[in-house]
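6 is the number of the first residue of the sequence shown in this note's numbering; add one for each residue after it.
Just so it is clear, CB atoms sit at the ideal spot from N, CA and C, and this is done for glycine as well.
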Amino acid sequence: MTENQVIVGLEVHCQLDTKSKLFCGCSTDYRSDGPNTHVCPVCLGLPGSMPVLNKKAIEYAMRVAKAFNCTVIRESEFSRKNYFYPDLDKAYQITQYDKPLAEGGYLEIEADEAREKRVQLTRIHVEEDPGRLVHMGNAERGKYSLVDYNRAGIPLIEIVSEPDMRSPKEARKFLNKLRATLEYLGVFDSEKEGSLRVDANISLSGSERVEIKNITSYKGVEKALTFEVTRQKNLLRRGLKVDRETRHYLEAQGITQSSRSKEQEHDYRYFPEPDLRPIHVQSWVKDIILPELPDARRERFIAQYGCSLNHARTLTGGLRLANFFEKTVTSDPKGLSTLAATWIADTLIGELNYRSMSIDALDPDSITVLVLLLKRDAITDKSGIEVLRVMLDQHLNKQPCEAPQAIVTRLNLAKTAGDTGALEVVIQEVISENPKAVDDYNAGRNGALNFLVGQAMKKTRGRSDPGELNRKIVEKLGNTEV
Ligand SMILES: [Zn+2]
């Protein structure tokens with residue numbers, strides 16, 4: 006291992022997208038409802054209430070375990086993790102300790118061009134989410150805090166990786182792959198606020214390990230780790246040492262900060278949860294049928310649609326995106342796929358991200374029509390982007406949405422290339438208006454040709470094909486030269 010090699014391991018908490026909570030019948034669909042409206046004696050931990058395990062949650066966790074090649078343990082069990090915090094009114098969390106549901110396994114992340122890298126997993130266990138504290142005013146010096154138990158008892162899985170990642174970028178790729186796989190499995194909704202939380206362990210080889218707690222966004226993980234790498238390297242460069250500690254990531258500032266209260270090793274007094282029986286589900290694994298997962302879909306996109314590896318990776322990187330792509334090409338899978346893949350992967354995603362829009366907002370048919378217009382050479386790539394932007398802005402601003410063809414007509418974007426007569430007029434105008442450039446061209450200065458093509462592009466407002474203009478101008482000047 007080289008000096009200052011970055012070593013990263015992740016603990017990822019994901020909410021399982023079940024209809025009811027882990028140990029009671031309360032609905033998990035709480036986000037748009039008022040605080041403490043999805044609660045009952047069980048998830049409030051009132052004395053005498055008894056938890057009943059949600060079979061669906063275990064099935065979901067088993068799907069994840071199987072997809073990541075983990076070994077489901079013959080007998081796993083729930084334990085009580087005892088601590089007091091206001092978001093945990095019963096003063097213990099039901100989680101899994103020394104007998105987790107599954108151990109081992111791995112997931113593959115894209116390394117460089119064609120290779121995939123394997124990241125080993127330590128374990129996957131199931132636990133309940135605590136409630137949520139809402140700090141009024143500043144979290145550090147707030148007036149008071151409110152507590153909402155709607156989230157208490159939502160099923161979580163914690164996926165713990167081995168310290169196999171070697172850069173913040175690899176950590177991001179790990180999370181992307183994890184998220185995509187959980188979505189494909191139908192057990193997780195990444196668009197639900199707070200559905201994912203990450204603790205990241207990071208060290209430089211030979212130095213102490215730092216844990217960054219509770220990062221709540223995908224981008225945040227890469228940013229927090231990048232900050233830590235720089236901070237730790239700077240300490241070592243100055244001859245100082247890295248303290249073993251817990252830090253928090255401050256999303257707004259993009260920095261990590263030492264946790265004020267020196268987090269000591271808690272004595273959680275784990276003991277087996279007396280109100281729940283051990284779990285024997287090993288024989289169930291073989292009955293779980295997995296859907297097509299991201300790797301398989303990526304290979305299928307390459308084989309079936311002729312996508313490049315990079316496009317296939319991008320398009321299968323999220324379930325919604327992959328479904329969207331397939332819908333846009335259903336009418337003509339062979340004819341449209343390459344162009345559609347290029348437009349969706351290289352242009353549409355960037356335009357959506359720029360507007361913080363989800364792909365759900367768009368109708369795949371409208372992209373099919375846009376791609377058809379491009380394929381038929383009815384508009385230039387530049388006009389295609391213009392049409393796309395108008396479409397997205399109309400969605401974003403909740404305006405009536407025009408069809409791509411209507412936008413082309415309204416903005417007069419139809420390509421003039423086919424209209425040879427009109428192009429001839431434009432070229433003639435450009436030649437007569439720029440005698441000096443024509444002379445330069447005739448004198449062998451090639452830059453002059455680019456200038457003339459540029460002038461002609463301007464006159465056709467970018468609606469003609471530069472290659473064709475180039476050819477026609479050369480033709481024309483060749484004639485006048487005689
Ligand atoms: Zn409940």
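Where do the N-terminal and C-terminal ends of the beta strand (DSSP E) with residue i fall, by residue?
i      : result
Ile384 : Segment: none, Ile384 is in no beta strand (DSSP E) and carries neither H nor E.
Ser166 : Pro160 to Ser166
Ser263 : Ile260 to Ser263
Arg282 : Premise fails: Arg282 is in no beta strand (DSSP E) and is neither H nor E.
Arg252 : Glu250 to Leu255
According to DSSP, is residue i helix, strand or coil?
i      : result
Arg137 : strand
Lys481 : helix
Asp153 : strand
Asp204 : strand
Asn219 : strand
Ser437 : helix
Pro369 : helix
Met55  : coil
Ser84  : strand
Phe276 : strand
Asn9   : coil
His18  : strand
Val131 : strand
Lys380 : helix
Glu115 : strand
Thr343 : helix
Arg394 : helix
Ser288 : helix
Val431 : helix
Leu27  : coil
Glu473 : helix
Identify which residue in the options has its Cα closest to the Cα of residue i.
i      : options                           : result
His18  : Gly244, Leu183 and Val57          : Leu183
Glu473 : Lys420, Val443 and Thr319         : Lys420
Asp248 : Asn455, Glu233 and Leu255         : Glu233
Ser212 : Leu187, Ser263, Asn239 and Gly50  : Asn239
Arg123 : Val131, Ile129, Ile114 and His130 : Ile114
Arg450 : Val479, Ala461 and Ile432         : Val479
Ala157 : Glu64, Tyr65 and His43            : His43
Leu161 : Leu418, Gly136, Gly39 and Leu416  : Gly136
Since residue i is in the alpha helix (DSSP H), which residue starts that stretch and which ends it?
i      : result
Gly515 : With the chain covering only 6 through 487, there is no way to say anything about residue 515.
Val234 : Tyr223 to Arg242
Glu188 : Pro173 to Tyr189
Gln309 : Pro299 to Tyr310
Gln410 : Pro409 to Arg415
Tyr359 : Ile354 to Tyr359
Ile63  : Lys60 to Ala72
Thr319 : Leu314 to Leu320
Thr100 : Unbroken run through Thr100 is the beta strand (DSSP E), Tyr97 to Thr100; no alpha helix (DSSP H).
Leu326 : Leu324 to Thr333
Within a Cβ cutoff of 6 Å, which residues of the same chain sit near residue i, ignoring the five residues on either side of it in sequence?
i      : result
Ile217 : Ala205, Ala229, Arg252, Tyr254 and Thr261
Tyr35  : His43 and Asn155
Leu341 : Val334 and Val376
Suppose the cutoff is 8 Å on Cβ atoms and the five residues either side in sequence are ignored; what does the same chain contact list for residue i look like?
i      : result
Arg236 : Thr261
Tyr359 : none
Tyr275 : Ser84, Arg85, Lys86, Asn87, Tyr102 and Asp103
Between residue i and residue j, which are expected to be in contact by the criterion C-beta below 8 Å, what is the C-beta distance as a whole number of angstroms?
i      : j      : result
Arg438 : Leu397 : Residue 438 is actually Glu in this sequence, not Arg. Not quite, the Cβ-Cβ distance comes to about 37 Å (not below 8 Å), so this is no contact.
Lys464 : Glu429 : 12 Å between Cβ atoms; not a contact.
Leu377 : Ala176 : Actually they are not in contact, since the Cβ atoms of Leu377 and Ala176 sit about 40 Å apart, beyond 8 Å.
Glu167 : Gln125 : 4 Å
Ala70  : Gly110 : 7 Å
Leaving aside the five residues before and after residue i along the sequence, list all residues of the same chain whose C-beta is less than 7 Å from its C-beta, in chain order.
i      : result
Ala327 : Arg302, Leu320 and Thr321
Lys481 : Ile432 and Ile436
Asp92  : Pro135, Gly136, Arg137, Leu138 and Val152
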